[in-house]
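Take a look at the structure set out below.
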Amino acid sequence: MVINMNKRIWPLNDRAITVSFGEEIDVQINLRVQQLFSSLKRESYPFIVDMVPTYTNLTIYFDPQKINFKDMQQLIEEALNDMHEHPVSIESKLVHIPVYYNGPELERVAKQNQLTEDDVMRIHGREDYLIYMIGFLPGFPYLGGLDERIATPRLDEPKSQVEAGSVGVANQQTGIYPIQSPGGWNIIGHTPVNIFDSQKEQPFMFQAGDYIQFYPVDRKTYDHIINDDQYQPKMEWYHAN
Amino acid sequence: MLSVIKPGIYASIQDGGRKTYRGYGVPVSGPMDDYAFHYSNKLLGNKPNTAAIEIIYGGIECYVEEDVDIAITGANFHPLVNGKPVPMWQCIRLYEGEQLTFQGSKQGSIAYLAMSGGIDSPVYLGSQSVYSRAGLGEILKTGDTISSFKRQVCNTYHINPRNIPTYTSHVKVRVIPSHHEALFSSRAIQQFYSNPFQLMKMDRMGAILKGDKALTMNKEQDIISEAVTFGTIQVPPHGQPMILLADAQTTGGYPTIGTILSDDLWRVTQIQPQGHIRFKRYEINT
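Sequences listed follow chains W and Z, in order. Numbering-wise, the first sequence is residues 1 to 241 according to the UniProt record's numbering. Numbering-wise, the second sequence is residues 1 to 286 according to the UniProt record's numbering.
Shown next as structure tokens:
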């Protein structure tokens with residue numbers, strides 16, 4: 001099988017090791033990342049401090065006082081072999097995210113692609129987007145697989161302030177700003193859902209491997225949800241091999 | 001208890017860092033110089049990784065609201081109590097009504113002020129480390145009060161003077177080569193490991209360096225975002241390297257040339273602007 005043929009392992013530094021399954025943004029490659037992530041997480045090894053799944057890699061941060069690099073590498077090789085023999089099932093969820101499509105660049109995205117604003121909304125809401133990874137900002141989901149018909153280059157000049165909840169498009173990616181930040185994405189709308197709240201017991205709405213579907217709401221619904229502290233978006237759970 | 005009269009250039013509360021949320025895009029934060037940080041707590045008998053005040057480039061002034069024992073380590077900002085110099089790298093007692101002032105320094109950029117028993121401040125995602133960009137606490141400002149959990153602890157521990165580092169502005173640090181190395185021209189790799197780089201600017205997120213010549217790539221290539229860490233050296237298209245520091249983002253999309261060995265990081269963060277860094281190739285024993 002491809003699992004072992006296509007992986008490379010290297011040190012990121014003296015206390016972190018990266019396993020790479022390929023060099024392109026691809027659902028199958030990302031699935032291997034998720035499988036290794038899940039299988040190591042399940043073991044709750046005391047020497048693994050943290051793990052970062054990305055598009056193609058899993059980086060494992062370990063405690064050098066508890067395990068050395070060589071043993072860590074060995075353990076990963078073994079986990080990969082096990083994965084090969086017993087495929088790991090992954091638990092993930094699909095989250096339905098309401099969007100009020102009122103973004104400052106909605107018109108730009110429509111014009112650029114010779115569509116109407118309604119077309120952009122409709123196309124943006126059609127897909128289930130895989131969260132390949134979380135990065136750039138706390139809780140920021142990198143969603144691949146945006147329909148080419150609404151793909152739009154980043155803004156030439158990044159804005160110094162993009163509000164929390166902004167839903168943006170950049171090339172063939174779409175994403176949600178969890179917090180206010182500078183940013184260069186085309187903002188097509190805003191979600192009233194708070195996807196990062198450091199005060200909550202579960203501060204993050206998503207993790208890598210989850211899916212997001214967007215659906216349009218009007219101003220009234222947007223205001224209603226934003227004022228409802230107890231609001232939880234609809235979620236569906238999956239188990240997949 | 002201390003109250004802040006003047007916050008100086010950049011002072012923030014930092015503990016050992018937020019180590020288990022990288023997968024969610026949250027930077028680790030924590031001390032820029034873990035060596036000096038570690039000793040600031042040890043001198044007071046505090047547990048390792050207890051929160052302390054990290055002072056970058058000095059300038060902070062505090063009023064003592066209540067007696068408290070403290071230890072100051074790291075760069076020598078010539079701390080004064082009521083205008084008189086006080087020793088660093090040992091426990092000292094401050095009395096109500098006194099004024100503690102930090103000045104500038106000739107060598108070193110970062111100092112730690114630990115307080116007896118640790119600092120009482122809000123915990124975000126399991127850590128007191130301030131990362132204001134994501135609303136995880138705020139840097140110190142005029143009028144803030146800083147309370148400690150204990151008041152008197154002095155005479156618990158003395159440092160061996162040999163363990164007090166000397167800060168210099170010419171350092172050589174070890175670098176673990178990145179798997180992107182093959183994307184750089186062989187001339188760039190050679191330049192990187194033989195020429196000094198000047199530190200242009202530094203904050204908690206990163207340090208911008210400048211070398212004599214830009215580091216060139218074999219060909220322009222897009223990198224798929226992957227994990228980066230404290231010490232990772234990125235090379236953006238302009239060819240001048242950038243070192244990610246304690247508030248490093250968790251993932252990055254620029255080619256990287258290597259990552260500085262953890263034990264050497266404090267030598268980099270303590271360099272003053274215009275100081276020089278040389279890099280030495282270091283292979284992890286695999």
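Cβ atoms here follow ideal geometry from the backbone N, Cα and C, with glycine treated the same way.
### Task
Helix, strand or coil for residue 38 of chain Z, going by three-state DSSP, please let me know.
helix
### Message
What are the residues in the segment 125-157 of chain W lying within 8 Å of chain Z by C-beta distance?
### Response
Result list: 133, 134, 135, 136, 137, 138, 139, 140 and 142.
### Query
By Cβ distance below 6 Å, which residues in the same chain neighbour residue 2 of chain W in space, the five residues on each side in sequence not counted?
The predicted position of residue 2 of chain W is uncertain, since its pLDDT is 42 and thus under 50; no value can be drawn from it.
### Query
Taking Cβ to Cβ, would you say residue 199 of chain Z is nearer than 8 Å to residue 188 of chain Z?
no
#### Entry: Buried versus exposed call for residue 235 of chain W [16 or more other C-beta atoms within 10 Å across all chains shown]
Answer is exposed; the Cβ neighbour count stays below 16.
### 8 Å Cβ cutoff, residue 16 of chain W in contact with chain Z
yes
### Query
In chain order, what residues of the same chain have a beta carbon less than 7 Å from the beta carbon of residue 46 of chain W, not counting five sequence neighbours either side?
66
#### Entry: Closer than 8 Å at the beta carbon, the chain Z residues around residue 116 of chain W
By Cβ distance, chain Z contributes nothing, its closest Cβ being about 32 Å from residue 116 of chain W, past 8 Å.
### Message
Considering only their Cβ atoms, is the gap separating residue 145 of chain Z from residue 7 of chain Z smaller than 8 Å?
### Response
no
### Task
Name the two residues that bound the continuous alpha helix (DSSP H) containing residue 41 of chain W.
27-43
### Query
Straight-line CA distance for residue 116 of chain W to residue 110 of chain W?
Each residue's Cα considered, the two are about 5 Å apart.
### Task
Examine the Cβ distances between the segment 18-37 of chain Z and the segment 213-229 of chain W and report whether three or more of them are shorter than 8 Å.
Too few Cβ pairs lie closer than 8 Å, so no.
### Message
For residue 64 of chain Z and residue 93 of chain Z, what's the separation of their Cα atoms in angstroms?
### Response
11 Å
### Query
Quick one: complete alpha helix (DSSP H) runs, 4+ long, within the segment 18-73 of chain Z?
34-42
### Query
Which residue or residues does DSSP assign as beta-bridge partners of residue 252 of chain Z?
Z:226
### Task
Determine the DSSP secondary structure at residue 70 of chain W, reduced to helix, strand or coil.
helix
### Message
Are the CB atoms of residue 177 of chain W and residue 165 of chain W within a distance shorter than 8 Å?
### Response
yes
#### Entry: Interface residues of chain Z facing residue 50 of chain W [CB-CB closer than 8 Å]
19, 20, 21, 22 and 23
### Task
Reducing DSSP to helix, strand and coil, say where residue 112 of chain W ends up.
helix
### Task
Have a look at the DSSP bridge pairing and note the partners of residue 261 of chain Z.
DSSP output for residue 261 of chain Z lists no bridge partner at all.
### Query
In chain Z, what lies closer than 9 Å to residue 56 of chain W by C-beta?
224 and 226
### Query
Between residue 90 of chain Z and residue 70 of chain Z, what straight-line distance do the alpha-carbon atoms span, to the nearest angstrom?
8 Å
#### Entry: Integer-rounded CB distance, given that residue 51 of chain Z should sit under 8 Å from residue 119 of chain Z
5 Å
#### Entry: Residues within the segment 228-257 of chain Z neighbouring chain W, beta-carbon criterion of under 7 Å
229, 231, 249, 250 and 251
#### Entry: Inside the segment 130-165 of chain W only - alpha helix (DSSP H) runs reaching at least 4 residues
none
### Query
Are the C-beta of residue 179 of chain Z and some C-beta of chain W separated by less than 8 Å?
Taking Cβ atoms only, chain W reaches closer than 8 Å to residue 179 of chain Z, which makes this a yes.
### Task
Give every residue of the same chain whose Cβ lies closer than 8 Å to the Cβ of residue 23 of chain W, excluding the five residues on either side of it in the sequence, and list them in chain order.
Within the same chain, residue 23 of chain W has close Cβ partners 56.
### Task
Measuring only between beta-carbons, confirm whether residue 285 of chain Z sits less than 8 Å from chain W.
yes
### Query
For a contact meaning CB atoms closer than 7 Å, what does residue 269 of chain Z contact in chain W?
Result: empty, since nearest Cβ-Cβ is about 15 Å, beyond 7 Å.
### Span separating the alpha-carbon of residue 175 of chain Z from that of residue 194 of chain Z
Residue 175 of chain Z and residue 194 of chain Z have their alpha carbons spaced roughly 13 Å apart.
#### Entry: 6 Å CB neighbourhood of residue 36 of chain W in its chain, flanking five on each side removed
58
### Query
Interface residues of chain W around residue 26 of chain Z at Cβ under 7 Å?
Those are 138, listed as they occur along chain W.
### Query
Near residue 76 of chain Z, which residues of its chain fall below 6 Å by C-beta distance, leaving aside the five closest residues on each side in sequence?
105
### Query
Where do the N-terminal and C-terminal ends of the beta strand (DSSP E) with residue 123 of chain Z fall, by residue?
From DSSP, residue 123 of chain Z is part of no beta strand (DSSP E); its letter is neither H nor E.
### Task
With DSSP as the reference, please indicate the residues paired to residue 19 of chain W in a beta bridge.
W:9 and W:58
### Query
Do the CB positions of residue 13 of chain Z and residue 121 of chain Z come within less than 8 Å of each other?
yes
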